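Those protein sequence lines, which keep their order, are chains Y and A.
So the first sequence is numbered by the working numbering: it starts at 499 and just counts up by one.
So the second sequence is numbered by the working numbering: it starts at 499 and just counts up by one.
There are 2 protein chains.
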Amino acid sequence: MQYHVDGFHPGDPDVHPAVGAHRRAGDPMPQTVDVLIAGAGPAGLCLAAQLARVPQIRSLLVEPKLGPMEKGQADGISVRSMEMFQAFGFAEKVKREAVWINETTFWAPAPDAALARVARVQDVPDGTSEMPHVLINQARVHDMFLDLMRHAPTRLEPDYGLKLVDLRVDPGAAEYPVSVTLEHTAPGREGRTETLRANYVIGCDGARSNVRSAIGGALHGDAAHQAWGVIDLLAVTDFPDWRMKSFVRSQDEGILMVLPREGGHLVRLYVELDSLGEDERVADRGMGAADIIAKARRIFSPFELDVKEVVWWSIYEIGHRLTDKFDDVPADQVALRAPRVLLAGDACHTHSPKAGQGMNVSMGDTFNLGWKLVSVLTGRADPALLHSYSGERRAAAKGLVEFDHKWARVVGARAEQDPDEGLPRVAREFVANLPFTCGLTIQYEPSVLTGAATHQHLARGFEIGRRLHSAPVVRLADAKPMQLGHCIEADARFRLFVFAPKGDAGGRGGAVAALCDWLEHDPASPLRRHTAAGEDVDAVIDTRAVFQQGFRELDFGAMPTLLRPRVGRFGLCDYEKVFCADSGQGEDLFAARGIDRAAGCLVVVRPDQYVGHVLPLQGRDELAAYFAAILRLRG
Amino acid sequence: MQYHVDGFHPGDPDVHPAVGAHRRAGDPMPQTVDVLIAGAGPAGLCLAAQLARVPQIRSLLVEPKLGPMEKGQADGISVRSMEMFQAFGFAEKVKREAVWINETTFWAPAPDAALARVARVQDVPDGTSEMPHVLINQARVHDMFLDLMRHAPTRLEPDYGLKLVDLRVDPGAAEYPVSVTLEHTAPGREGRTETLRANYVIGCDGARSNVRSAIGGALHGDAAHQAWGVIDLLAVTDFPDWRMKSFVRSQDEGILMVLPREGGHLVRLYVELDSLGEDERVADRGMGAADIIAKARRIFSPFELDVKEVVWWSIYEIGHRLTDKFDDVPADQVALRAPRVLLAGDACHTHSPKAGQGMNVSMGDTFNLGWKLVSVLTGRADPALLHSYSGERRAAAKGLVEFDHKWARVVGARAEQDPDEGLPRVAREFVANLPFTCGLTIQYEPSVLTGAATHQHLARGFEIGRRLHSAPVVRLADAKPMQLGHCIEADARFRLFVFAPKGDAGGRGGAVAALCDWLEHDPASPLRRHTAAGEDVDAVIDTRAVFQQGFRELDFGAMPTLLRPRVGRFGLCDYEKVFCADSGQGEDLFAARGIDRAAGCLVVVRPDQYVGHVLPLQGRDELAAYFAAILRLRG
């Protein structure tokens, strides 16, 4: 964490000084806002937390519910989301408070027992990520984002009790083209409306999204005609794997999943209930918590289940649905105008909760969108950048819906263990799917934001289009062992990682120095072209270097000035730009991520932690071209 | 973290439900309190945070200053204190926010330069602790304890603007024998007094302690007649080790120490100023920040130092002082009465700040005292237990004062590098002193609380009288890799670690099962004798077991019931008592801590994380005797 750069401020460094005037929730509605976010779920809050950091962006977050969520709904946090939480600064807090899923077990009828553990699998394969897979009440994830917003310069708070009911886009209007109608939901104010105009509206308002309806979008897909129950409870049982993720398949009663939860006692069960008729809705059955528990007891038999407290429950039908486009611009008008209304989360894709992906993909949507909106609203990028959102995230959601479809069939299958295969089918599929459930299979297609794989061989482990796979390094200036990826914050900046060739110690005449001098001083450099006058040199593109030597073999004072820049009001030196790969334990980063030791390379990382490009250290023109296609000329 | 055991509670699990009626700071003074703490520095706050957890203890914390500290004073957090912070639950927060000291460098005149780096040393030797050595503003440590108090069941807050000016103990009074006079310090209220009576008064009121004076204590020791300046600043320099701890000795201008600080920019300097005459006081010189900076510039020459902001500074004289006794009971009356007034922190020991020990030893004082006070005030232990505080902590403070005396001479010495030795003398001494500066040399003498070393060979790495040196384990029920020591919370409970003999899997007929059955059921067991009716079986002595097998080789359901106890309002199972030593990486805990694999052993850990005893698994009588000497019969 870096702070005090503009002078010492007492108190918690996570609480930023407030900007002069900021609206409080409940104040009269503004007439105009830059961004209106409909819905304070994971998608809406993740976006709001990114926007709240930026003093010049005026945001409004409305939520029909009357206050923050307390329990229920999603609970799975993939390792990918944990990596994202690290960029927001609350991964450690979640690691402490959540339950870690380390092992998944599989139970089925066996020759000598009604239920036996037939397989067990390490839940997150070694080397996948520096982060664990955890489970925690969705409400606590909300709280983490709400804390960030509350402590951000704009002190953004949700306006509860307000529902977006309609909007209209005037494509001809240059300013605030979206007219929005909000309706109060609080007792005594129901039905009263507010109107305002926004530059952008983001629909994070769930599967029944009014934002989606207003722009003519529809969810397409199918349902499995199968009712499931989900229940959070405190119970006593002799089932031995009550604190591990477990799949339990009984002989005749169907299946359930055990998901241990935070705090050491709470457990969530997903329980297969009845098949539904073709035209039947799950609500028609009138089932309740007692039905879920009764079914769970039958599946668990002969193990006992003595429920002490039901915390939350729901009965749902599996559906897999997707909208055609995540914004308001039809395909044939993309060249003519930029999006003004965008959708995220359940508003544009729904699926079953059992793969534990819903909350993660929703936050992933707005982590993709956030930096793009910030870049546009701060004048760093042209609004056309927002077109990339629908393309990138619809592909990700499509992958999820297809996976979910397949996985629901595997989990629901009655297939017996195939003795030739070692593991039963569900366990085999589970293992094969781990990269997906970890949130690590998203690979954005080549585009303006995602370079071609021409030079991928220079850094095979930093795959273009995939998230940056962090690795250990030692920071030169203070010899701190840390993760390279943890220097990325959710601050809408690009990172340019310079991996030094063997023997290069940063001094004059070396490739790193030559590149850094060009980056810092040449008029053709993307740093010069896209950083505005008066901004710190790392304000838009943050350059960091990783050397192959140990920290005792390098001289910080001999580094190029770009790697020890003077920043902030006082022009203090930033000491945190230079790293050493040699971590003293096992293979170093160059080996672990397949970096060409002789040549070194450049790795561009997008603000959402995805690798944007891999280039040779001499690839100046390609580097300049990459950024020129994304960012405006401002230098 | 374990929570929800008595039912689901929404929100932050670190915010505990408040007990019915609790006093708010500023409310009228109570007439009586259980514990009055004078002084809200590290000693006072560390104690208050422990007491605040216990609903039935009524505490009052008074502080003459008018609000919480914002800057200045101490900043060093030893690895030992970080281990203690882990028990309080905020070590991860401090790790994120603080600067880590990883490397210490030494600069001195060299043949070819006025200043050259003549030595460098890894600051915390490998294997010392799972925690780093960090530096952070003392005010932030205060904030961490204040947060704990604010979120504890009693919602304890300091009463600022109140100074303890006098007290009187009536040894004959059974209830509230200490009469206390407090004086207001806030503008407009100065001089107004309040009186109340307390069962215990803890003087954490600094070097000029009124509590100490009132019980007739005096600080004895000497001064070095040497003025030093300390300054926290934001500056630009070409000194290369600005982000490492550095000792800098110039040819003619004396010495300084560089201590990088939290946030990546702030730095603290300790600068040697003038020698003082025998009867001269440092204040007489009228020196200020400009003098410290001017001297620092001369020492740093030829490196430049461009100061941008002075955050805090002080000029002090080194003194080493210690009181004879840390409580109000003279040595000849120990058998007659228990202490009612106790001293902690600077009230009973002062020393120079340069070894970075002051705040650590002060917190160590009240971490030693806290569980004893809680045990007495909750009826678990006889008040005579409090006698052990002065003995244990005075010895620790004496070690510190002696070390400080010696270290001040080493740092101040003009000795040149001895070329035969490789390292200059100050670096050699620094290395030799690392266990001390890490806070790990305290070894409590054999006593009621610290068993004899008769069976130390069963666990050579868990030294009786020293802090438990944690090691990695895997928790059986959820396969979570973690540190064994992290199951210790600052909750005044003893831990009984059962290390299983080879081959013992916890089942019937094994040594672990036999011991656990005896512990749980036998009338002679300390669990039966010292736990009150209605309390959970682990309420006073928390038994945990560590097995030699991997987690896939053990069956949780086959463990003795003591290791899967039913706890709380619902009788839910506690799944967090059983660990596996096999961490899958390198040597396991049994090897790392020298535990006799064939015999296994018992390790008793005191509530303050110090090893109380090491016993064979068959040492039932010795175990019962150990606890009988500390705790009351309550079973």
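Every residue, glycine too, gets a C-beta built ideally from N, C-alpha and C.
Keep in mind that this is a model prediction, so the values were computed, not measured.
Could you give the first and the last residue of the continuous alpha helix (DSSP H) run that contains Y/L871?
856-875
Go ahead and label A/Q584 buried or exposed: buried means 16 or more other beta carbons lie within 10 angstroms of its beta carbon, across all protein chains shown.
buried
Output the distance between the C-alpha atoms of A/R923 and A/P609, rounded to the nearest integer angstrom.
18 Å
Measure the alpha-carbon distance for A/A1037 versus Y/D624 and round it to whole angstroms.
37 Å
Am I right that A/L840 and A/D825 are in contact with their C-beta atoms under 8 Å? What's the rounded C-beta distance?
5 Å
Check whether the segment 996-1009 of chain A touches the segment 1084-1103 of chain A, taking contact to mean three or more Cβ pairs, one atom from each stretch, closer than 8 Å.
yes
Just how far apart, CA to CA, sit Y/Q1083 and Y/V972?
11 Å
For Y/Y1124, the first and last residue of its enclosing alpha helix (DSSP H)
1118-1126
Per-residue contacts from Y/F1068 into chain A (C-beta, under 8 Å)
L732, V734, K806, E807
Contacting residues, own chain, Cβ-Cβ under 8 Å from Y/R759 (five flanking each side not counted):
D573, V597, L633, I634, N635, D730, V765, R766
Below 8 Å on the Cβ atoms is my guess for A/I813 versus A/L754; work out the distance and round it to an integer in Å.
With 8 Å as the limit, A/I813 and A/L754 do not qualify as a contact, their Cβ atoms being about 14 Å apart.
Leaving aside the five residues before and after Y/V872 along the sequence, list all residues of the same chain whose C-beta is less than 6 Å from its C-beta, in chain order.
V552, A990
Proximity to Y/V1035 [Cα-Cα], best of Y/F1045, Y/A1043, Y/P1024, Y/A930:
Y/P1024
Starting from the C-beta of A/I772, find all residues in its chain whose C-beta is less than 6 Å away, skip the five residues before and the five after it, and write them out in chain order.
Looking at the sequence provided, one finds Asp at residue 772 of chain A rather than Ile. Only A725 meet the Cβ criterion.
Alpha helix (DSSP H) segments (min. 4 residues) lying fully within the segment 960-1035 of chain A
1009-1019, 1024-1028
Y/T948 in three-state terms, based on DSSP:
coil
Taking the C-alpha atoms as reference points, what is the distance between A/D863 and A/C702?
10 Å
Taking C-alpha atoms, which residue in A/R1026, A/A1079, A/A637 lies nearest to A/I1093?
A/A1079
Close Cβ partners of A/L774 (< 7 Å) along its chain, the five nearest in sequence each way excluded:
H723, Q724, A725, V780, E815
Find out if the Cβ-Cβ distance for the pair A/V577, A/V622 is shorter than 7 Å.
yes
Cβ-heavy atom distance, A/E927 to the ligand NAP, below 6 Å:
In the structure on display, the ligand NAP does not appear, and there are no ligands present to speak of.
Going by the CB atoms, is the gap between Y/V667 and Y/V676 shorter than 7 Å?
yes
A/L660 and A/V699: beta carbons closer than 7 Å?
no
First and last residue of the uninterrupted alpha helix (DSSP H) at Y/T935:
923-935
Would Y/F901 count as contacting chain A if we go by Cβ distances under 7 Å?
no
Report buried or exposed for Y/V809, applying the criterion of at least 16 other Cβ atoms within 10 angstroms of its Cβ.
buried
Does the distance from the C-beta atom of Y/A930 to that of Y/Y1073 stay below 7 Å?
no
Compare the Cα-Cα distances from Y/N858 to each of Y/P526, Y/C544, Y/A516 and report the closest residue.
Y/C544
Y/E561 versus Y/A1056, Y/G537, Y/G542, Y/L932, residue with shortest Cα-Cα distance
Y/G537
Work out the CA separation of A/A1022 and A/E1120 for me, nearest whole Å.
11 Å
Y/Y468 by DSSP, collapsed to three states: which one?
This structure leaves residue 468 of chain Y out entirely; chain Y is present only between 499 and 1133.
Excluding the five sequence neighbours on either side, which residues of its own chain have a C-beta within less than 7 Å of the C-beta of Y/L947, listed in chain order?
S886, R1104, G1110, I1128
Per-residue DSSP class, three states only, for Y/V678:
strand
Limits of the beta strand (DSSP E) - the one that A/V827 falls within
That residue, A/V827, is in no beta strand (DSSP E); it is neither H nor E in DSSP.
For A/G862, decide whether its Cβ has a neighbour in chain Y, counting only Cβ atoms nearer than 7 Å.
no
Please report whether the beta-carbon of Y/K743 lies at a distance below 7 Å from any beta-carbon of chain A.
no
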